[in-house]
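A quick write-up on the structure given underneath.
Protein chains: 2
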Amino acid sequence: MSAGWFRRRFLPGGPLPAPRPPRPRASPVPYRRPRFLRGSGSGPGTADAPRRPDARPVRSPARGRALPWNAGYAEIINAEKSEFNEDQAACGQLCIGRCEFGAEEDREWLTLCPEEFLTGHYWALFDGHGGPAAAILAANTLHSCLRRQLEAVVEGMVATRPPMHLSGHCVCPSDPQFVEEKGIRAEDLVIGALESAFQECDEVIGRELEASGQVGGCTALVAVSLQGKLYVANAGDSRAILVRKDEVRPLSSEFTPETERQRIQQLAFVYPELLAGEFTRLEFPRRLKGDDLGQKVLFRDHHMRGWSYKCVEKSDLKYPLIHGQGRQARLLGTLAVSRGLGDHQLRVLDTNIQLKPFLLSVPQVTVLDVDQLELQEEDVVVMATDGLWDVLSNEQVARLVRSFLPGNREDPHRFSELAQTLIHSTQGKDDGPTGDGQVSYDDISVFVIPLHSQGQRSGGH
Amino acid sequence: MSAGWFRRRFLPGGPLPAPRPPRPRASPVPYRRPRFLRGSGSGPGTADAPRRPDARPVRSPARGRALPWNAGYAEIINAEKSEFNEDQAACGQLCIGRCEFGAEEDREWLTLCPEEFLTGHYWALFDGHGGPAAAILAANTLHSCLRRQLEAVVEGMVATRPPMHLSGHCVCPSDPQFVEEKGIRAEDLVIGALESAFQECDEVIGRELEASGQVGGCTALVAVSLQGKLYVANAGDSRAILVRKDEVRPLSSEFTPETERQRIQQLAFVYPELLAGEFTRLEFPRRLKGDDLGQKVLFRDHHMRGWSYKCVEKSDLKYPLIHGQGRQARLLGTLAVSRGLGDHQLRVLDTNIQLKPFLLSVPQVTVLDVDQLELQEEDVVVMATDGLWDVLSNEQVARLVRSFLPGNREDPHRFSELAQTLIHSTQGKDDGPTGDGQVSYDDISVFVIPLHSQGQRSGGH
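Respectively, the protein sequence lines represent chains A and B.
Following my numbering from start to finish, the first sequence increments by one per residue and tops out at 461.
Following my numbering from start to finish, the second sequence increments by one per residue and tops out at 461.
See the structure below:
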């Protein structure tokens with residue numbers, strides 16, 4: 001994503017630079033600082049965090065203890081767009097203690113009784129833009145925010161049904177409207193915790209970047225395996241899919257200026273001052289110019305999914321709030337995503353117009369009931385940043401998974417090798433199973449998560 | 001829908017009255033003023049419009065001319081909730097003339113050359129509340145609004161691809177950002193016309209009701225067959241489904257305070273003054289009371305799909321913006337739907353708090369590509385108001401369709417008979433194919449639209 005962001009930011013409106021030629025095929029691993037997160041005993045970690053003075057040391061989501069960890073496999077490459085990799089990853093075991101909401105004595109209790117109450121697994125990909133700072137902070141912070149949010153509701157999560165009152169206090173009046181409760185499930189609390197964790201992490205990033213004088217933002221794609229379910233939380237344009245023998249199922253959807261057009265236009269309709277008179281909220285099939293004045297042209301406003309015609313007025317000639325299409329679509333001419341973390345300081349070039357009010361840090365969360373699947377050994381979840389999906393479709397990735405795994409059953413590193421294979425398939429090699437030799441010039445990060453072992457390992461407490 | 005609305009409006013917060021017992025089975029058609037819209041030469045019309053002084057005469061969507069019409073079959077019953085039926089229906093042939101957008105000479109041209117340029121079919125169901133006035137106005141008006149909106153874009157609809165400029169004027173500058181156009185399809189113009197027609201009709205209803213000192217609102221479900229496609233536009237809690245031999249496909253989704261919770265809470269977050277300090281925006285599993293103060297209870301805000309816990313403050317004890325669940329969910333304690341037409345004057349009982357800002361008149365439009373289906377003779381679309389769907393599931397309706405039609409192939413009125421059968425299945429008869437004897441006490445309207453004849457007839461120009 002970030003490549004496009006840079007291109008558009010410094011070449012607004014201009015043609016894109018010619019793509020770089022594919023790397024020579026003789027060099028099998030020609031990328032700078034690739035790093036493989038293999039689980040075999042190495043403990044959880046953050047991938048490819050550059051050694052910058054401001055980068056925090058890699059911390060484990062499991063309170064710094066080295067825990068057995070071999071459930072997720074990743075490969076990350078740096079496309080050499082920038083000195084430091086803007087893609088960041090984190091994974092680890094998620095250990096949730098028993099902790100009552102906000103009470104001082106609980107923190108004491110936690111210190112005295114540090115054993116885990118509920119354990120799960122955590123994988124996260126962050127695709128930065130405007131520098132790696134936000135992605136590094138997110139990789140170092142989000143799991144802690146999530147653990148805290150989960151600990152605040154864990155008593156409800158382990159109940160057969162989360163109680164209305166966390167304290168167990170119950171009101172039973174005679175008036176039925178005060179008695180009947182909506183049926184809320186444990187998974188609703190995990191979804192709520194993920195939503196709150198993203199927001200908390202966004203606030204932390206905002207404060208840290210401001211304090212250190214840095215800038216930037218990142219997308220965030222998180223998978224959490226907990227109590228027999230896999231939760232996928234997405235804010236941005238990364239993607240996770242489930243690949244099984246006979247099924248390919250998207251587990252996330254992308255949030256871009258195009259997919260969130262109506263929300264973004266609606267906000268500009270409610271708060272027109274956000275555009276400072278420099279942009280038009282309306283969408284047209286292309287940028288309008290003086291010759292179009294007075295013509296009846298196609299347009300869409302915030303309440304419309306269809307198109308209509310209108311007479312072009314002078315204000316319609318302004319730069320569009322959302323411009324371009326597909327990978328080139330930009331919010332305020334600047335940003336290619338509409339959800340993510342950071343970007344608190346981001347402004348439209350040479351103006352005071354802020355991007356942040358249009359960005360949401362709230363993820364969309366989907367739930368996969370792993371315990372209900374009849375899992376096969378080669379059922380996997382593939383998580384990857386947009387660089388992969390620009391070049392490979394869900395079906396192409398599924399074909400690569402299905403052609404690779406059965407022939408490598410004895411290889412203990414086969415999921416890692418598969419992650420490598422997926423990335424290599426985006427580097428213009430036309431002899432792979434996809435056979436079309438498409439090339440990605442973006443940073444790419446991939447997790448391959450085998451569900452079979454997940455189903456066996458996760459979920460207990 | 002309206003039954004619930006009345007109940008809750010006059011008994012706020014109280015228990016619902018006991019349901020009326022089912023009608024005696026010996027009386028096969030015991031309802032007041034049922035009316036069957038059979039197509040055999042009777043021409044288009046509006047069903048069951050009461051003879052009120054303010055009710056306009058029934059007009060045909062086809063500019064008042066009697067046209068051959070036998071493509072839609074409806075049955076409407078009045079559940080005797082009110083003197084006049086709050087359910088209204090309209091159907092007819094939709095004849096769209098060639099008309100340039102807004103120009104004076106076009107109206108002249110239309111008068112001189114009145115022949116149709118494009119024809120389609122139109123079916124609409126309106127479920128009123130607070131009286132039948134809005135539903136009657138909608139049944140008499142919406143098709144005219146739609147015809148007008150379609151005539152404004154018809155030149156674009158019949159082009160291979162709708163032109164950016166309706167006038168055909170083309171700008172070809174050298175800068176690529178002014179050249180590349182988004183690919184917009186003819187169906188996007190029809191969707192836009194439906195969206196605009198609903199809004200226009202809503203404005204007409206607002207003006208007419210104000211001028212005549214009447215009140216009320218209605219839901220609207222519209223199907224339009226045009227150029228080989230079926231467009232289903234829905235604002236409210238009616239529903240349309242496609243029933244085929246091996247497939248049941250929803251063609252609409254319902255808009256209620258529950259399904260639109262986040263949009264409604266978001267609006268109250270942006271404009272808290274809309275609640276006048278009388279309601280809380282937050283959702284809780286049940287209404288809170290004094291005993292809950294200071295407790296940690298489950299809640300949801302506008303940005304949350306999941307649930308979390310919070311300490312109850314005094315402001316949380318206010319009546320919730322959305323209260324109740326399922327069929328009992330109410331917006332501001334008053335209304336069971338969140339989209340529709342009318343309600344411009346509707347206020348929360350004994351307050352000045354308006355409902356209208358929370359209601360959308362914009363429909364959601366889905367498109368069924370009829371030409372791409374391999375149609376069988378018994379493929380139908382069933383459109384019905386919520387009274388039917390309260391009692392029968394999509395699958396139950398499909399079973400009734402599949403068991404009824406094959407045995408009645410020779411009956412020229414079989415689609416009408418099927419509409420009757422569907423309604424009779426909601427009146428507590430336990431000997432029908434559904435066998436569960438559920439009872440609906442709401443007005444019910446049903447259209448059964450055979451697609452096979454549609455596919456053969458519609459689409460030309």
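Every residue, glycine too, gets a C-beta built ideally from N, C-alpha and C.
Asked, Found
"Out of curiosity, what's the CA-to-CA distance linking Arg281 (chain A) and Ser416 (chain B)?", "48 Å"
"Name the one or two DSSP bridge partners that Glu247 (chain A) has.", "A:Arg244"
"Taking only three categories from DSSP, how would you classify Ile322 (chain B)?", "strand"
"Does DSSP put Asn501 (chain A) in a helix, in a strand, or in coil?", "What is shown of chain A runs 1 to 461, which leaves residue 501 (chain A) out entirely."
"Tell me which residues of the segment 278-306 of chain A have at least one Cβ-Cβ distance to chain B shorter than 7 Å, keeping chain order.", "Pro285, Arg286, Arg287, Lys289, Asp291, Asp292, Gln295, Lys296, Val297, Leu298, His303, Met304, Arg305 and Gly306"
"What distance in whole Å lies between the Cβ atoms of Val154 (chain B) and Phe126 (chain B), which are believed to be in contact at a cut-off of 8 Å?", "Contact flag wrong, Cβ pair sits at about 25 Å."
"DSSP beta-bridge partners for Cys95 (chain B)?", "B:Thr119"
"What three-state label does DSSP hand Glu296 (chain A) in the structure shown?", "Glu is not the amino acid found at residue 296 (chain A); the sequence shown has Lys there. In the structure shown, Lys296 (chain A) sits in a strand (DSSP, three-state: E or B)."
"Would you decide whether Glu151 (chain A) is buried or exposed? Buried here means 16 or more other CB atoms lie within 10 Å of its CB.", "buried"
"Tell me where the beta strand (DSSP E) around Ser445 (chain A) begins and ends.", "Ile444 to Pro450"
"Go ahead and pull the three-state DSSP assignment for Lys289 (chain A).", "coil"
"Could you compute how far the alpha carbon of Leu349 (chain A) sits from the alpha carbon of Thr334 (chain A)?", "8 Å"
"Residues bridged to Asp127 (chain A) by DSSP?", "A:Asp87 and A:Thr219"
"Does the segment 368-386 of chain B touch the segment 301-316 of chain B, meaning 3 or more C-beta pairs lie closer than 8 Å?", "no"
"At a Cβ threshold of 8 Å, is Ile191 (chain A) touching chain B?", "yes"
"Considering Thr421 (chain B), what are the terminal residues of the alpha helix (DSSP H) in which it resides?", "Arg414 to His424"
"Could you tell me whether the Cβ of Ile449 (chain B) comes closer than 8 Å to any Cβ of chain A?", "no"
"If contact is defined by three or more beta carbon pairs under 8 Å, each pair taking one atom from either stretch, is the segment 263-275 of chain A in contact with the segment 211-231 of chain A?", "no"
"Which chain B residues are close to Glu195 (chain A), counting only those with a beta carbon under 9 Å from its beta carbon?", "His303, Met304, Arg305, Gly306 and Ser308"
"What are the boundary residues of the beta strand (DSSP E) that includes Gln364 (chain A)?", "Gln364 to Leu368"
"Just the C-alpha distance for His121 (chain A) and Leu331 (chain A), rounded to the nearest angstrom, thanks.", "34 Å"
"If you reduce the DSSP assignment to three classes, tell me which class Gly464 (chain A) lands in.", "Residue 464 (chain A) is absent from the structure shown; chain A starts at 1 and stops at 461."
"Helix, strand or coil, according to DSSP, for Met383 (chain B) in the structure here?", "strand"
"Report the rounded CA-to-CA distance for Val362 (chain B) versus Arg300 (chain A), giving the unit in angstroms.", "14 Å"
"Put Arg65 (chain A) into one of helix, strand or coil per three-state DSSP.", "A caution first: Arg65 (chain A) carries a pLDDT of 28, below 50, which makes its placement in the model unreliable, though a value can still be read off. In the structure shown, Arg65 (chain A) sits in coil (DSSP, three-state: anything other than H, G, I, E or B)."
"Compare the Cα-Cα distances from Gln364 (chain A) to each of A:Ile423, A:Ala240 and A:Gly324 and report the closest residue.", "A:Ala240"
"Within 7 Å: the Cβ of Thr334 (chain A) and any heavy atom of the ligand SAM?", "Judged by which ligands are present, the structure shown has none, so any question about the ligand SAM falls away."
"So, at 8 Å on beta carbons, what are the nonlocal neighbours of His452 (chain B) in its own chain, with the 5 sequence-adjacent residues on each side left out?", "Leu375, Gln376, Glu377, Glu378 and Asp379"
"For Ala276 (chain A), count neighbouring C-beta atoms within 10 Å of its own C-beta (all shown protein chains included) and say buried if the count is 16 or more, exposed if not.", "exposed"
"Give me whichever residues DSSP pairs with Lys182 (chain B) in a beta bridge.", "Answer by DSSP bridge pairing: none, since Lys182 (chain B) is not bridged."
"Could you give the distance in angstroms between the alpha-carbon of Glu200 (chain B) and the alpha-carbon of Glu203 (chain A)?", "43 Å"
"By alpha-carbon positions, which one of A:Phe404, A:Cys218, A:Thr351 and A:Lys289 ends up nearest to Gly131 (chain A)?", "A:Cys218"
"Helix or strand or just coil, what does DSSP make of Arg38 (chain B)?", "Low confidence applies to Arg38 (chain B): its pLDDT is 31, below 50, so where it sits in the model is not reliable enough to give any reading."
"Classify Glu377 (chain A) as helix, strand or coil using the three-state DSSP reduction.", "coil"
"Does the distance from the CB of Leu341 (chain B) to the CB of Ala134 (chain B) come in under 8 Å?", "yes"
"Take Leu94 (chain B) as the anchor and find which of B:Cys145, B:Pro162 and B:Ser196 has the nearest alpha-carbon.", "B:Cys145"
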